[in-house]
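Chemist: First to last, the sequence lines map onto chains X and V. When the letters of the first sequence are read in order and numbered with numbering that gives the first Met the number 0, they come out as residues 0 to 136. When the letters of the second sequence are read in order and numbered with numbering that gives the first Met the number 0, they come out as residues 0 to 379. Got a structure here, written out as structure tokens. Questions coming.
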Amino acid sequence: MADKPAPAPIAHPGPDYIYQAALAAGTFQIQRCDACASHIFYPRHLCPVCGSAKISWVAASGDGTVYSTTMIRQRPEAGGNKNICIVELAEGPRLMSRIEGVAAEEVTIGMAVSAEIAGSGDEPKFIVFRPRAGGQS
Amino acid sequence: MSGSIRGKAAIVGVGLSDFGEVPGWSHFELMAQAVERACADAGITSKDIDGLFSMITPANMPISMTAEYLGLQPKVLEGSMLGGSSFVNYLSWAALALDAGLCEIALITYGSNARSSKRRPGGDPVPYEAPYAPRLVDGYAMAAARHMHQYGTTREHLAEVAVAARAWAQRNPKAMMRDPLSLEDALKSRMIADPLTLLDCCLISDGAGAIILTRADRAKDFPTKPVYVLGAAAEHSHMQIAQMPDLTVTAAARSGPRAFAMAGMTPADMGLAMLYDAFTINTILFLEDLGFCQKGEGGPFVANGAIAPGGRLAVNTNGGGLSCLHPGMYGVFLIAEAATQLRGEAGERQIKGAKTALVHGNGGSLSTQVTAILGTAETL
Numbered sequence: 000m001a002d003k004p005a006p007a008p009i010a011h012p013g014p015d016y017i018y019q020a021a022l023a024a025g026t027f028q029i030q031r032c033d034a035c036a037s038h039i040f041y042p043r044h045l046c047p048v049c050g051s052a053k054i055s056w057v058a059a060s061g062d063g064t065v066y067s068t069t070m071i072r073q074r075p076e077a078g079g080n081k082n083i084c085i086v087e088l089a090e091g092p093r094l095m096s097r098i099e100g101v102a103a104e105e106v107t108i109g110m111a112v113s114a115e116i117a118g119s120g121d122e123p124k125f126i127v128f129r130p131r132a133g134g135q136s
Numbered sequence: 000m001s002g003s004i005r006g007k008a009a010i011v012g013v014g015l016s017d018f019g020e021v022p023g024w025s026h027f028e029l030m031a032q033a034v035e036r037a038c039a040d041a042g043i044t045s046k047d048i049d050g051l052f053s054m055i056t057p058a059n060m061p062i063s064m065t066a067e068y069l070g071l072q073p074k075v076l077e078g079s080m081l082g083g084s085s086f087v088n089y090l091s092w093a094a095l096a097l098d099a100g101l102c103e104i105a106l107i108t109y110g111s112n113a114r115s116s117k118r119r120p121g122g123d124p125v126p127y128e129a130p131y132a133p134r135l136v137d138g139y140a141m142a143a144a145r146h147m148h149q150y151g152t153t154r155e156h157l158a159e160v161a162v163a164a165r166a167w168a169q170r171n172p173k174a175m176m177r178d179p180l181s182l183e184d185a186l187k188s189r190m191i192a193d194p195l196t197l198l199d200c201c202l203i204s205d206g207a208g209a210i211i212l213t214r215a216d217r218a219k220d221f222p223t224k225p226v227y228v229l230g231a232a233a234e235h236s237h238m239q240i241a242q243m244p245d246l247t248v249t250a251a252a253r254s255g256p257r258a259f260a261m262a263g264m265t266p267a268d269m270g271l272a273m274l275y276d277a278f279t280i281n282t283i284l285f286l287e288d289l290g291f292c293q294k295g296e297g298g299p300f301v302a303n304g305a306i307a308p309g310g311r312l313a314v315n316t317n318g319g320g321l322s323c324l325h326p327g328m329y330g331v332f333l334i335a336e337a338a339t340q341l342r343g344e345a346g347e348r349q350i351k352g353a354k355t356a357l358v359h360g361n362g363g364s365l366s367t368q369v370t371a372i373l374g375t376a377e378t379l
């Protein structure tokens, strides 16, 4: 079986590529607008708050709070109930995610959570959260 | 430039296809049946249509398919996709095109065999949300959960919306769901995505609707009682639900005031309100955002049958997406019911003396919000 040729490196990738590559390398980073200081998620080319193209990458604190949450009801044989939620990062932006390490029934609005990188093998990586030590924010 | 379309165009024809469960009919066939009925209502033939405003999923170029299917060569072709609110949005563009003389007879139409084909609305790609596999209901459930958290809205308030819709549907012989529904029964419904149950979710139906409009000065040449477009405005807040700035405030808080300002009216002037009820939380959010009550008071506002027949405000008099029909996208049916009411042709569910109606369309995950105000000739 012939090996696939390695893809040519991309000289000037766009923001999403940079975000995904950092996640794959084990770092959760978000953006911060140089002009208006807004933190930005998901990755953009123009700041959605002020329109500036001067945007820098910063390491995300990983701290967040559950802004809203629901439980997808499923029979046990279909995998059981599942959490899906929106987390507000300490920096301000929100993202969809799920809370792991706790039963779906126990996820509540206001729960303090910490980010971790998920996704196995060659799949694109993504952010999930776990309850943060120290309890409710 | 007036920045207004007030009174420029009138609805002169309304048609609904057979709806509910209509096996053996394609999207476009149902659409054509609705067009046939709207044209008969307006006293025209389909070949008189020279402005087409349509979006029929899952086609990628539905405007051409619709024109081809009907054998039309319209001078104006408009098929912007705003989700279920698209059809309310077309009211603006049809009125503008008619007023500018770009076309003479405009058709707004939609059809779907979502129920019989078992094809479920998939929604748009949500690249930053796809890893968590959200269903459409999950975003609305999170809006409801946040509303409960912030304002003390209850499961009973949500159930009141479903019960009111059913009570209206019982007065509409064509509505899909007409069995009696008590608050107690609604509260026992199976949970789908907390806090939304099966009965908090709209139906999945087959069905099509068609609306014929012409310029206001031509409306008297048609056999039907004209229904005028008095105001309209579209707004957007996000596509992916996690990007919604506040899950308890929709862009209806901007589209509503703009549409009312154009019409020169307030919520208190409305004879009825057709609010896109894809889920029960929608009705509560839109009553607040459109100014029928204060933010956070939507739950208490709908309590004790207040939006059911005989209540303080007639809402979703056909039975809504919850109990009448919801074939994937529902916006065209809001307009059809409002026009039917303003013509005084709504039978047992008729709001006596209704001269004005608010029509509010929702698209995506509370993403696009489009408000229109319709009125009879007395309101011009």
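We treat Cβ as the ideally placed atom computed from N, Cα and C, and that holds for glycine. Computed from a predicted model, the values in this text were never measured in an experiment.
Within its chain, find whatever has a CB closer than 7 angstroms to the CB of X/E87; leave out the 5 residues flanking it on each side and keep chain order.
Modeler: G63, T64, Y66 and R93
Chemist: Please name the residue in V/A302, V/G318 and V/G319 whose C-alpha comes closest to that of V/R311.
Modeler: V/A302
Chemist: If the cut is a Cβ gap below 7 angstroms, which residues of chain X does V/E128 touch?
Modeler: M95
Chemist: Restricting to Cα atoms, I'd like to know which of V/L341, V/L274, V/N361 and V/E296 is closest to V/G318.
Modeler: V/L274
Chemist: Suppose the cutoff is 7 angstroms on Cβ atoms and the five residues either side in sequence are ignored; what does the same chain contact list for V/E20 look like?
Modeler: If we look at V/E20 and ignore the five residues flanking it on each side, its Cβ neighbours are R114, S115 and D205.
Chemist: Entirely within the stretch 67 to 110 of chain V and at least 3 residues each: give me those beta strand (DSSP E) ranges in chain order.
Modeler: 75 to 77
Chemist: Quick check: what's the CA-CA separation for V/T249 versus V/S84?
Modeler: 13 angstroms
Chemist: What three-state label does DSSP hand X/K81 in the structure shown?
Modeler: strand
Chemist: Measuring only between beta-carbons, confirm whether V/L357 sits less than 7 angstroms from chain X.
Modeler: no
Chemist: Taking X/L108 as the query, report the chain V residues whose CB atoms sit under 8 angstroms from its CB, ordered along the chain.
Modeler: Here residue 108 of chain X is Ile; the residue named in the question, Leu, does not match the sequence. Residues of chain V passing the Cβ test: A144, R145 and H148.
Chemist: Can you check whether the C-beta of X/S67 is within less than 7 angstroms of a C-beta belonging to chain V?
Modeler: yes
Chemist: For the stretch 248 to 304 of chain V, which segments carrying the alpha helix (DSSP H) assignment without a break, of at least 4 residues, lie completely within its bounds, in sequence order?
Modeler: Secondary structure in the stretch 248 to 304 of chain V: the alpha helix (DSSP H) runs of 4 residues or longer, each lying completely within the stretch, are 251 to 262, 279 to 288 and 297 to 301 in chain order.
Chemist: Should V/L246 be flagged as near chain X, meaning a C-beta pair shorter than 7 angstroms?
Modeler: Put simply, the CB of V/L246 is near chain X, with a gap under 7 angstroms to one of its CB atoms.
Chemist: Can you confirm whether V/G131, when its beta carbon is compared against all beta carbons of chain X, has any partner nearer than 7 angstroms?
Modeler: It should be noted that the sequence gives Tyr, not Gly, for residue 131 of chain V. It does: the Cβ of V/Y131 has a partner Cβ on chain X nearer than 7 angstroms.
Chemist: Given this structure, state the Cα-to-Cα distance separating X/S119 from X/A23, to the nearest angstrom.
Modeler: The C-alpha of X/S119 lies about 10 angstroms from the C-alpha of X/A23.
Chemist: Let me see if you follow: with CB-CB separation under 7 angstroms, is X/R72 close to chain V or not?
Modeler: yes
Chemist: Run down chain X in chain order and give the residues with a C-beta less than 8 angstroms from the C-beta of V/I240.
Modeler: I85 and M95
Chemist: Check the Cβ-Cβ distances between X/Y41 and every residue of chain V, and say whether any is below 7 angstroms.
Modeler: yes
Chemist: Listing by chain order, which chain X residues have their CB less than 7 angstroms from the CB of V/I191?
Modeler: R72
Chemist: Should V/G208 go down as buried or exposed, given a rule of 16 or more other Cβ atoms within 10 Å for buried?
Modeler: buried
Chemist: Return yes when the Cβ of V/S16 is within less than 7 angstroms of the Cβ of V/A41, no when it is not.
Modeler: Judged by their CB atoms, V/A41 and V/S16 are not nearer to each other than the 7 angstroms cut-off.
Chemist: Taking only beta-carbon atoms, is X/F152 less than 7 angstroms away from chain V?
Modeler: One cannot answer for residue 152 of chain X here, as it falls past the ends of chain X, which runs 0 to 136.
Chemist: Residues of chain X with CB under 8 angstroms from V/A140, in chain order?
Modeler: T69
Chemist: How is V/W167 classed by DSSP in three states: helix, strand or coil?
Modeler: helix
Chemist: Determine the contact status of X/Q28 and X/A59, defining contact as a CB-CB distance below 7 angstroms.
Modeler: yes
Chemist: Just to confirm my understanding: we take V/K224, look at its own chain, exclude 5 residues before and 5 after, and list those with CB closer than 6 angstroms. What are they?
Modeler: R342
Chemist: Determine the extent of the beta strand (DSSP E) in which V/S322 is found, giving its start and end residues.
Modeler: In the DSSP assignment, V/S322 falls outside any beta strand (DSSP E) and lies within the alpha helix (DSSP H) extending over G319 to S322.
Chemist: Say whether chain X places a C-beta atom closer than 7 angstroms to the C-beta of V/D216.
Modeler: no
Chemist: Kindly provide the ranges of any beta strand (DSSP E) runs that are 3 or more residues long and lie completely inside the stretch 167 to 226 of chain V, ordered along the chain.
Modeler: 190 to 192 and 206 to 214
Chemist: Quick one, which of V/D184, V/G151 and V/M176 has its alpha-carbon nearest V/A382's?
Modeler: Because chain V spans 0 through 379 in this model, residue 382 of chain V falls outside it and cannot be assessed.
Chemist: Using a Cβ-Cβ distance cut-off of 7 angstroms, determine whether V/D137 contacts chain X.
Modeler: yes
Chemist: Just to confirm the assignment, what range does the beta strand (DSSP E) spanning X/I71 have?
Modeler: Residues D62 to I71.
Chemist: Apart from the five residues on each side of it in sequence, which residues of its chain come closer than 8 angstroms, Cβ to Cβ, to X/G100?
Modeler: Taken in chain order, the residues that qualify are R129 and P130.
Chemist: Please identify the residue among V/M238, V/K46 and V/F52 whose C-alpha is closest to the C-alpha of V/G363.
Modeler: V/M238
Chemist: Any idea if V/M141 is buried or exposed, counting beta-carbon neighbours within 10 angstroms, 16 or more meaning buried?
Modeler: buried
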